[in-house]
Amino acid sequence: MEVKTAFLNGELNEEIYMQQPDGFVIEGQEGKVCKLLKSLYGLRQAPKQWHEKFNTTLTSIGFVVNEADKCVYYRHGGG
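Structural data, given as structure tokens:
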């Protein structure tokens, strides 16, 4: 399955701050930082946060995690 913006969909479980992006710094507030509300590409936590959301979603609709390979899900029956 291809999810084009997968790493942008993870929920953050901790407070993460970043420098203000170029072009978004308000004059006189150069020393302020931004608090991330969602995951970003390049964030070390992004792959783990995406997998946790993906896992929660699939298991909530009846899929089961394969114990031999945690990236494989299956579901019996249901057509």
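Under full-length UniProt numbering, the residues of the sequence shown are numbered 1 to 79, in order. Yeah, the Cβ is synthetic: ideal placement off N, Cα and C, and Gly gets one too.
Short check: CB of residue i to CB of residue j, under 7 Å?
| i | j | result |
| --- | --- | --- |
| residue 46 | residue 10 | yes |
| residue 36 | residue 16 | yes |
| residue 41 | residue 7 | yes |
Where does residue i land, buried or exposed, given buried means 16+ other C-beta within 10 angstroms?
| i | result |
| --- | --- |
| residue 49 | buried |
| residue 39 | buried |
Would DSSP call residue i helix, strand or coil?
| i | result |
| --- | --- |
| residue 48 | helix |
| residue 35 | strand |
Whose C-alpha, out of the options, is nearest the C-alpha of residue i?
| i | options | result |
| --- | --- | --- |
| residue 12 | 72, 5, 52 and 32 | 52 |
| residue 43 | 65, 68, 69 and 14 | 14 |
I think residue i touches residue j, with their Cβ atoms under 8 Å apart; what is that distance to the nearest whole Å?
| i | j | result |
| --- | --- | --- |
| residue 56 | residue 65 | That belief does not hold up - the Cβ atoms of residue 56 and residue 65 are roughly 11 Å apart, past 8 Å. |
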